[in-house]
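Enquirer: Residue numbers (this note's numbering): 113 to 181. One structure, pasted below without further comment.
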Amino acid sequence: MTMTDEQTVLEPGDLQFLQSYFDGILQQRGLDGEDLTARRAATNLAAEIIALYQTGVREPQELSVRLGL
Numbered sequence: 113m114t115m116t117d118e119q120t121v122l123e124p125g126d127l128q129f130l131q132s133y134f135d136g137i138l139q140q141r142g143l144d145g146e147d148l149t150a151r152r153a154a155t156n157l158a159a160e161i162i163a164l165y166q167t168g169v170r171e172p173q174e175l176s177v178r179l180g181l
């Protein structure tokens, strides 16, 4: 696999941060349920968070602003 400008290698610390941030947002938005709608919304949110993180947005507050939270 070839890395592009928009891709970065995610280290264990990055993954820990992303998981923690994601879990917090899921709780805030009430998306921690098991229904299909919540799972789809959570999947889309995770993809957005990772995409922003890979482009250099690393601060929780800035992530939230960019996500419109």
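Backbone N, C-alpha and C define an ideal beta-carbon position, used for all residues, glycine too.
What does the Cβ neighbour count give for LEU175, buried or exposed, with the cut at 16 atoms within 10 Å?
Expert: Burial state of LEU175 is buried, judged by a 10 Å Cβ sphere holding 16 or more other Cβ atoms.
Enquirer: Would you mind giving the Cβ-Cβ distance between THR78 and GLN173, rounded to the nearest angstrom? I have them listed as a contact below 8 angstroms.
Expert: The requested residue 78 does not occur in the structure, where the chain is confined to residues 113 to 181.
Enquirer: To which residues of the same chain is ALA150 closer than 7 angstroms at the C-beta, ignoring the five residues directly before and after it?
Expert: LEU143
Enquirer: Determine, using beta carbons only, whether LEU164 and ILE137 come nearer to each other than 9 angstroms.
Expert: LEU164 places its beta carbon 9 angstroms or farther from that of ILE137.
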